[in-house]
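Trainee: Protein sequences, first through last, are from chains A and G.
Per UniProt numbering, the first sequence starts with residue 1, numbered consecutively.
Per UniProt numbering, the second sequence starts with residue 1, numbered consecutively.
Here a beta-carbon is modelled for each residue, glycine too, at the ideal position from N, C-alpha and C.
Since the model is a prediction, treat every value here as computed from it, not as a measurement.
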Amino acid sequence: MTAPTTKAPTADDEPELPRHEDAVDAFDRDRLPTPPRATSLLLRSLLAPMKARVTLTTFLLLLQQAAVQAGPLLVAYAIDRAVPAFRDHDNGPLIAVGAGYLLSALASGGLQYAFILVSARVNQDVLLDLRGRIFRHAQALSIDFHERYTSGRLISRSTTDVESLRELLNEGLQELVTVILSFLYISALLLWLDLALGAVAVASFVPLYLLVRGYRRRAGRVYRKRSTAIAAVIVKFVETMNGIRPVRAFRREAANDADFAVLNKRHERVNGDALLEMARYVVTSRLVANTAVAGIVLWGAYRVAQDSLELGVLAAAVLYLRRLYDPIDRLGMFLNSYQSAAASLEKIAGLLAQTPTVPEPVTPRQLPALESQHPGREVVFDGVRFAYRTGGEVLPRFDLTLPAGQTVAVVGSTGAGKSTLAKLLARFYDPSDGRVLLDGVDLRDLAVPELRRGVVMVTQEAFLFSGTVAENIAIGRPDATREDIEQAAKAIGAHDFISALPDGYDTDVRKRGGRISAGQRQLVAFARALLADPAVLILDEATSSLDIPGERAVQRAMATVLKGRTAVVIAHRLSTVAIADRVLVMEHGRIVEDGTPAELVAGTGRFADLHRAWRDSLA
Amino acid sequence: MSTTRATTKDRSAARTLLRLWPYVRPARARLVTAAFVAVLASCTGLVIPLVLKWMVDGPVADGDTAGVWLGALYLLLLGFAEALLFGLRRWLVARPLSHVEAEMRAGLYRHLQRLPVAFHDRWASGQLLSRATTDLMLLRMFLAFPLTFLLVNSVTITVGVIIMLLQDWTLGLVILGPAIPVVITCMVFEKRYHHVARLAQDQVGDLTTVVEESVLGIRIIKGFGRHRSQARAFRELSGKLRGTELRKAGLLATIWGVITTLPEVAIGAALVLGCVQVADGDLSAGTLVAFLSTALALRWPVESIGFLLAMTQEAATATERYFEVINESPEQEDAPRRGAGNGATSPHRPAADDGMLFSAVSFRYPDAPASSPPILDRIDLHIRPGESMALVGTTGSGKTTLTALVPRLHEVTSGHITLDGEDITAMSREELRSKVAVAFEEPTLFSASVKDNVLLGMDEQELDRALAVAQADFVHALPHGTDTQVGEQGLSLSGGQRQRLALARAVVGKPRFLVLDDPLSALDVHTEAAVEAALRDVLADTTALIVAHRPSTVLLADRVALLSDGRITAVGTHHELLRTNAEYAHLMSGTGEAEDNR
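Rendered as C-alpha cells:
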C-alpha cells in the first residue's frame with residue numbers, strides 16, 4: 001500500500017490566483033499548514049486497525065490472480081503434453097487439464113466474490129472512521145477556527161474530499177494491486193516459460209514506466225487546475241442558491257448566468273484538457289505495448305519455425321502478453337483517482353492537524369455545590385486581556401466581578417468589545433492573559449458538560465436544526481419531557497405561535513427554519529436556553545429581531561423562571577437594559593461607565609444621552 | 001429528514017436515460033463516430049488472434065521465416081491501428097462531452113435561479129449542489145464509457161462469437177453456453193442495484209445536511225455543549241450509509257463472481273473438447289490457439305458488463321435527480337392570474353403617480369393545505385407617492401411575507417398590488433424589480449468586492465452617495481477600500497456592517513419604490529441614529545414600505561400600518577396610533593400588558 005507523499009507546493013502547481021495580494025494567510029488560500037508526512041501518517045492510522053483484514057484482502061487477491069493467470073499455462077500444457085498423450089490413449093493429462101481449468105474458474109470467481117466483500121468492509125470502515133474523525137474534530141475545534149475557516153470549506157472536506165478517497169478505495173486500490181500482481185505473475189510466468197522471451201517482455205516495462213511517470217506529472221498538473229476550477233463553480237453555485245432572494249430582487253439572474261458561464265467554461269476547458277491528456281496516454285502506451293507484442297511474437301515464431309521453441313509455449317506467451325498490457329489503461333485511471341485522493345487527503349490531514357485553541361482540561365475540576373436559594377454563580381474576570389493571534393488587541397487588561405444573581409447589561413457601539421467579553425465568558429475563546437473564574441474555578445478547568453451547566457449563551461443568529469420544533473428546543477436539555485419543553489415555550493411566549501403551526505411542536509422546521517420568522521426563531525432559541533437552566537446566562541443581541549412585547553416576555557421569563565441566575569445582556573436597545581441591576585458602557589475595549597441604570601440615567605455620561613433620545617421616541 | 005426522496009415510480013434505466021437526448025444531441029455526430037471507431041478498434045483486437053493462427057498454421061509450421069516477418073508486420077500494423085483508434089475515440093469525445101456536462105450545469109443553474117423562492121425554501125442547497133456536481137460528473141462518465149462500451153462490447157462479443165462459431169461451431173456453442181444465466185443474473189442485478197444506489201445517494205444527501213448544519217450551527221452546539229449528541233446523530237447516519245454501501249458491495253460481488261466464473265468454465269470445457277479434436281486431427285493446433293485467444297480476448301468485454309451496468313444504473317439515478325429539479329416549473333412571465341377574472345385591469349385605475357396600493361391581497365403558501373387560514377387576509381393599504389409607511393406587527397404576523405409579495409418573490413393568492421396604478425403582474429418581473437429595491441432582514445453578501453456588492457450592476461457614480469446614506473464609511477478603512485473582497489471567499493463582516501451594505505445596495509439606484517425589512521435591527525444606537533438621519537433624505541421623495549420593530553425605526557416613516565393576524569387593523573401616524581390604539585401602544589412601549597399573549 002503506497003501512501004501519498006506530501007509535497008511542498010512548487011511554483012508550477014499553484015494555479016490558484018491570489019484573491020488579494022497581501023492575503024497570504026493560509027486560511028484565505030485554503031492551504032492549512034500540514035506537518036510533513038501528516039498525510040501518510042493519517043492513511044496509516046486509518047488502516048492500522050484493519051491490518052488483519054487488509055492482509056486478508058491482499059491474500060485473496062494474490063490467490064485470485066494466481067487462479068486467473070493459470071489459464072494460459074493450462075492451454076500450453078494441453079497443447080504440448082495433453083494432446084500428444086491423448087493420441088497415445090492416455091486420458092489422464094487431458095482430464096487433469098479440464099479439472100484444473102474448472103478449479104481455477106471456480107476459484108477465481110469465488111475469490112473475486114470474497115475479495116469484493118472483504119475489501120468493501122475495509123473501505124467502508126475506513127471511510128466511517130475518517131468521516132467520524134473529521135466530524136468530531138471540526139466540532140472540537142474552537143469558534144475562532146470556525147470564524148476563519150469558512151463553512152463551505154469545512155463541508156467540502158467532509159463531502160467531496162471524502163468522496164474522492166472513497167473512489168480511490170473502491171476502484172483505485174483494487175486496480176492498482178491487480179495491475180501490480182498481474183505484472184508480477186505474468187512476468188514470472190513468461191520468464192519461466194522462456195527466459196529470453198520473458199526478458200524482452202520485462203524490458204518493455206522501461207518505456208512504459210517512463211510514460212506512466214510522465215503522465216502522472218502532467219495529469220497531476222491538469223488535475224489540480226481542474227479541482228480549483230470546480231471549486232470556483234461550486235462557490236458561485238452555493239452562493240447564488242443561498243442568496244436567492246437578493247438575487248431575484250436585484251435582477252441578478254442574467255449577470256449571474258454570465259459570471260457562471262465564465263467559471264463553467266473554464267472548468268469545461270480544463271476538464272477537456274484532462275480527458276485529452278488521458279487520450280494521449282492511452283495512445284502512446286498502447287503503441288508501445290502493441291509494438292512489444294509484435295516484436296516478441298516475431299521472435300518467438302521465428303524460433304518455433306527453427307524448432308528452438310515449442311508451439312504451446314509460444315501460444316501461452318502470446319496469451320499472456322495480451323493480458324500483460326491490458327491493464328495499462330486502468331493504470332491511467334488509477335493515477336487519476338490517486339491524484340485527486342492525495343490532494344483531498346492532504347487537505348483533510350491539514351484540517352485534522354489543527355489543534356483546538358480552547359482545549360478540554362486534562363484533569364477537570366467540579367464547580368462548588370450551589371446553595372439551594374442561589375442558582376446563580378459569581379463571575380470574575382481576573383486581569384483578562386484578549387488579542388487575536390494575528391495581533392490586534394481587542395480587550396486591554398481589565399478586571400470585573402459580577403456577583404451571583406446580578407443581571408448586567410453591556411452597551412456600547414460596534415467593535416467596543418462587548419461580544420468578545422461574552423465569548424470569553426462562554427469560553428468560546430480563552431483569554432490571552434489572565435483568567436475567567438466561575439465561583440472561583442477557572443473556566444479552563446471545567447469539562448464541557450460541567451461548563452454548560454454553568455454558562456449558556458444565546459446569540460443573535462438563531463439557527464434551527466432540521467427536525468421538529470420540539471427537538472430544537474430540547475437541544476437545551478436532551479432528557480427533557482414534552483411537558484418541560486412546552487413549559488419553557490410558554491414561559492417565553494413562544495407557545496402560541498408553535499401551537500398554531502401545522503403540526504404544533506412536531507412541525508418540521510424544514511430548510512433552516514425557512515417558514516419561521518427571525519423573531520420566532522429567537523424565541524425558540526430562548527426556550528432552549530430556558531430549558532438548559534444555566535447558572536449564568538449570556539444574551540448576545542438575542543432580542544434584536546423581537547418586538548417589544550416579545551422582548552418583555554423574555555425579560556419576564558428571566559425575572560421569574562431564571563430568577564437568581566447571573567445574567568449578562570448585550571444589547572443595542574435601551575429597552576432591554578431596563579431590567580438590569582447594573583449597566584456597563586464599553587468603548588474601545590474598556591468599560592467607561594459602570595452603575596445602576598438609574599445612576600447612569602441621572603448622570604451626564606453617554607448612557608444618559610442615549611436614554612433621553614430613546615424616551616423621546618416613545619412620547 | 002430529506003424532503004427530496006425519490007418519488008418517481010419504477011422506470012427502466014434506459015427510458016430514464018433517454019431524457020438526456022436533448023442535451024446529448026449537439027454531440028451526437030462525435031459520439032456516433034466515436035462509438036464506430038471503438039467498434040473498429042475492438043474488432044481490430046479480434047483480428048489479431050486470426051493473424052496468429054495464420055502464422056502458426058502457415059509460416060511457423062512450414063519454417064518459412066519470410067512469412068513470419070510478414071505476420072509480425074501485420075501484427076504491428078494492427079497494433080498501431082488499434083492504439084490509434086482507441087486514442088481517436090477518446091480524442092473525439094473529450095471536448096464535446098465536457099461541453100455537454102457544462103451545458104447541463106449551466107442549464108441547471110439558469111433554471112434554479114428562476115425557480116420560485118418557495119422552491120428554494122424547500123430544498124437544501126446541498127441537495128442542489130450535489131446534482132450540479134457529482135450527478136453531472138456521473139452522467140459525463142456514463143456518456144464517455146458505459147454508453148459506448150455497452151454497445152462496443154455487445155458488438156465485440158457478437159463478432160467474437162461469430163468468429164469462434166466459424167472456426168469451429170461445436171466449440172463455439174460450448175462457449176455460448178453460459179450466455180443465458182449471465183443475462184438473467186444481469187437483469188436481476190440491475191433491478192436490485194437501482195434501489196440500493198438511489199438509497200445510498202439520498203443517504204449521502206442526509207449526511208451532508210447534518211454536516212452542513214453542524215457547521216452552520218456550531219455556536220449553538222458549543223454553547224450548549226451538545227457536540228456529543230450531534231456526533232451520535234452523525235454516527236448513526238454514517239453507519240446506515242455504510243450498511244447500504246455494503247449491500248451494494250454484496251450485489252457487485254455476486255455479479256462479478258458469476259460473470260467471472262461461468263465464461264471461464266465454458267472456456268475450460270472448450271479447451272478439453274478442442275484438445276480431443278486436435279488429437280483426433282479434426283482441428284488444427286493453430287485454430288485452437290486462435291479460438292482460445294479469441295475467447296480470452298472476450299473476457300474483458302464480458303466481465304466489464306457488470307460494472308458498466310452499475311455505472312448505467314447510477315447514471316439513471318443521477319438523471320432522475322437532475323430532472324426532478326429541471327421539471328419544476330419556473331416563474332411564469334405572463335402567467336394568467338388566479339382570481340383576476342375581470343381582465344388585466346386593476347380595480348381602480350387612476351393616472352400614474354398613485355404610489356403603492358394593496359387591494360384585497362391575500363396570501364397562503366402554495367404548499368399549505370387549502371383549509372389553513374391565510375397568512376395575509378384581504379390586505380388593503382395605500383402608500384401615497386413619496387410617502388413612507390412603516391409596517392408594524394407582532395412576531396410572526398406576516399410582515400416579512402407581505403414585503404416579499406411586492407417584488408413578486410411570492411405570488412399573491414388573490415387580490416392585486418399596483419405600483420403607480422399598474423398591476424405588478426402586468427409588468428415583467430425585470431421591470432418590476434427595477435422599480436422596487438429591497439433590503440432583507442438577513443443581509444446576504446456575495447463573494448465579490450464591496451463595490452460590486454453594493455452596485456450590483458448599477459452606475460458607479462452612485463456608490464459614494466449610497467455608502468454615505470447607509471453610514472458605511474467603515475469600508476474605506478478596509479484593506480483595499482471598496483475593492484476589498486467580502487463574503488464567503490473574502491473578509492467576514494459583522495452583522496451590523498453587512499446590514500449597512502445591504503441598505504446601501506437598496507438605495508443605490510434611487511429606486512422609485514423601497515421595501516426595507518427591519519433594516520436597522522443589528523445596528524448599535526449611535527449608528528442607527530446616523531443612518532436614520534441620512535435615510536430621511538432618501539425617503540423624502542421615495543415611496544417606501546418599512547418593516548419596523550422599534551419606535552426609532554417607525555419614526556422614519558410618515559405613517560404606520562398595524563398588521564395583526566394577517567389583516568391591517570389600523571393606519572395612522574406614530575403618535576396618533578400610540579394614543580388611540582392599545583395594541584400598537586403595547587407593541588411599541590410594552591405598556592398595557594393585561595392583554596398579554598399567555
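Look at the Cβ atom of I568 (chain G), then the Cβ atom of I379 (chain G), and state whether they are nearer than 8 angstroms.
Mentor: Against a cut-off of 8 angstroms, the Cβ pair of I379 (chain G) and I568 (chain G) comes out as a contact.
Trainee: Go ahead and label F59 (chain A) buried or exposed: buried means 16 or more other beta carbons lie within 10 angstroms of its beta carbon, across all protein chains shown.
Mentor: F59 (chain A) comes out exposed.
Trainee: Which of the residues in the region 238 to 263 of chain A, read from start to end, lie with their CB under 8 angstroms from any CB of chain G?
Mentor: Residues V238, E239, T240, M241, N242, G243, I244, R245, P246, V247, R248, A249, F250, R251, R252, E253, A255, N256, D257, F260, A261.
Trainee: At the 8 angstroms Cβ level, is Q366 (chain A) part of the contact set with chain G, yes or no?
Mentor: By this cut-off, Q366 (chain A) is not an interface position.
Trainee: Run through chain A and tell me which residues come within less than 7 angstroms of G79 (chain G), C-beta to C-beta.
Mentor: Ordered by position in chain A, the residues that pass the 7 angstroms Cβ test against G79 (chain G) are N290, T291, V293, A294.
Trainee: Could you tell me if P116 (chain G) is buried or exposed, where buried requires 16 or more neighbouring beta carbons within 10 angstroms of its beta carbon?
Mentor: The residue in question, P116 (chain G), is buried, as its Cβ has 16 or more Cβ neighbours within 10 Å.
Trainee: Does any residue of chain A bring its CB to less than 8 angstroms from the CB of M389 (chain G)?
Mentor: So, not an interface residue.
Trainee: Pull up the distance between the alpha-carbon of S337 (chain A) and that of F135 (chain A), whole angstroms please.
Mentor: Distance between the alpha carbons of S337 (chain A) and F135 (chain A) is about 24 angstroms.
Trainee: List the endpoints of the continuous alpha helix (DSSP H) containing S388 (chain G).
Mentor: It is not in any alpha helix (DSSP H) - S388 (chain G) instead sits in the beta strand (DSSP E) that spans 388 to 393.
Trainee: Along chain A, which residues have their Cβ under 7 angstroms away from the Cβ of H99 (chain G)?
Mentor: Within chain A, the residues near H99 (chain G) are E268.
Trainee: Tell me the DSSP secondary structure of E371 (chain A) in three-state form.
Mentor: Three-state DSSP puts E371 (chain A) in coil, outside helix and strand.
Trainee: Would you tell me roughly how many angstroms separate the C-alpha atoms of G107 (chain G) and S130 (chain G), rounded to the nearest one?
Mentor: Cα to Cα, the separation comes out at about 15 angstroms.
Trainee: Closer than 8 angstroms is the cut-off here; do at least three beta carbon pairs connect the region 73 to 87 of chain A with the region 215 to 229 of chain G?
Mentor: The region 73 to 87 of chain A, when compared against the region 215 to 229 of chain G, does not touch it at the 8 angstroms Cβ threshold.
Trainee: For V122 (chain A), I'd like the list of residues in its chain whose CB is within less than 7 angstroms of its CB, leaving aside the five on either flank, ordered along the chain.
Mentor: The answer, listed in chain order, is M50, R53, V54, T57.
Trainee: Is there a Cβ of chain G sitting closer than 8 angstroms to that of T178 (chain A), yes or no?
Mentor: Judged by the 8 angstroms Cβ criterion, T178 (chain A) is not in contact with chain G.
Trainee: Taking only beta-carbon atoms, is Q113 (chain G) less than 8 angstroms away from chain A?
Mentor: For Q113 (chain G), the answer is yes, since a Cβ of chain A falls inside 8 angstroms of its Cβ.
Trainee: Can you find a C-beta in chain B that's less than 8 angstroms from the C-beta of Y113 (chain A)?
Mentor: Absence of chain B from the displayed structure is noted, the protein chains being A and G.
Trainee: Confirm the yes/no value for this check: CB of E167 (chain A), any heavy atom of the ligand NAD, distance under 7 angstroms.
Mentor: Ligands are entirely absent from the displayed structure, and the ligand NAD is therefore not among its contents.
Trainee: Could you say which of G:D354, G:T209, G:P263 lies nearest to L237 (chain G) if we only look at CA atoms?
Mentor: Of the candidates G:D354, G:T209, G:P263, the one whose C-alpha sits nearest the C-alpha of L237 (chain G) is G:T209.
Trainee: For the beta strand (DSSP E) that R582 (chain A) lies in, which residues bound it at each end?
Mentor: Its beta strand (DSSP E) spans residues 582 to 587.
Trainee: Quick check: what's the CA-CA separation for E576 (chain G) versus L381 (chain G)?
Mentor: Taking the straight line from one Cα to the other gives about 17 angstroms.
Trainee: With distances taken between CB atoms, is the gap from L446 (chain A) to L367 (chain A) smaller than 8 angstroms?
Mentor: Cβ distance < 8 angstroms, so L446 (chain A) and L367 (chain A) count as in contact.
Trainee: Below 7 angstroms on C-beta distance, what does L222 (chain G) contact in chain A?
Mentor: It should be noted that the sequence gives Lys, not Leu, for residue 222 (chain G). Within chain A, the residues near K222 (chain G) are I143, F428.
Trainee: What are the start and end residues of the alpha helix (DSSP H) that includes M458 (chain G)?
Mentor: No alpha helix (DSSP H) holds M458 (chain G); DSSP gives it neither H nor E.
Trainee: To the nearest angstrom, how far is it from the Cα of V571 (chain G) to the Cα of I375 (chain G)?
Mentor: Going from the Cα of V571 (chain G) to the Cα of I375 (chain G) covers about 19 angstroms.
Trainee: So what does DSSP say about L17 (chain G), is it helix, strand or coil?
Mentor: L17 (chain G): helix per DSSP, three-state reduction.
Trainee: Ignoring anything shorter than 3 residues or poking outside the region 536 to 563 of chain A, list the beta strand (DSSP E) runs there in chain order.
Mentor: List check, beta strand (DSSP E) in window: 536 to 540.
Trainee: Mark T407 (chain A) as exposed unless 16 or more other C-beta atoms lie within 10 angstroms of its C-beta, in which case mark it buried.
Mentor: When all chains shown are included, T407 (chain A) counts as buried.
Trainee: Identify every run of the alpha helix (DSSP H) within the region 421 to 450 of chain A, keeping only runs that are complete inside it and at least 4 residues long; order them along the chain.
Mentor: The region 421 to 450 of chain A contains no whole alpha helix (DSSP H) run of 4 or more residues.
Trainee: Could you please tell me which residues of the region 171 to 193 of chain G, in chain order, have their CB closer than 9 angstroms to any CB of chain A?
Mentor: The residues in question: there are none.
Trainee: Against chain G, which members of the region 435 to 462 of chain A pass a CB distance test of less than 8 angstroms?
Mentor: Those residues of the region 435 to 462 of chain A that come within reach of chain G (Cβ to Cβ, closer than 8 angstroms) are V448, P449, L451, R452, V456, M457, V458, T459, Q460, E461.
Trainee: Going straight from the alpha carbon of G332 (chain A) to that of V162 (chain A), what length do you get?
Mentor: Computed Cα separation, rounded: 21 angstroms.
Trainee: Give me the subset of the region 476 to 487 of chain A whose CB atoms are less than 8 angstroms from a CB atom of chain G, sorted by chain position.
Mentor: Going along the region 476 to 487 of chain A in chain order, one finds G476, P478 with a Cβ nearer than 8 angstroms to chain G.
Trainee: Take the Cβ of S494 (chain G) as the centre, count every other Cβ of all protein chains shown within 10 Å, and call the residue buried at 16 or more, exposed below.
Mentor: Exposed is the call here.
Trainee: Which chain G residues are close to M586 (chain A), counting only those with a beta carbon under 9 angstroms from its beta carbon?
Mentor: Under the 9 angstroms cutoff, chain G gives no residues; its nearest Cβ is about 11 angstroms from M586 (chain A).
Trainee: Taking just the CA atoms, how far does D144 (chain A) sit from A387 (chain A)?
Mentor: When rounded, the distance between both Cα atoms is 12 angstroms.
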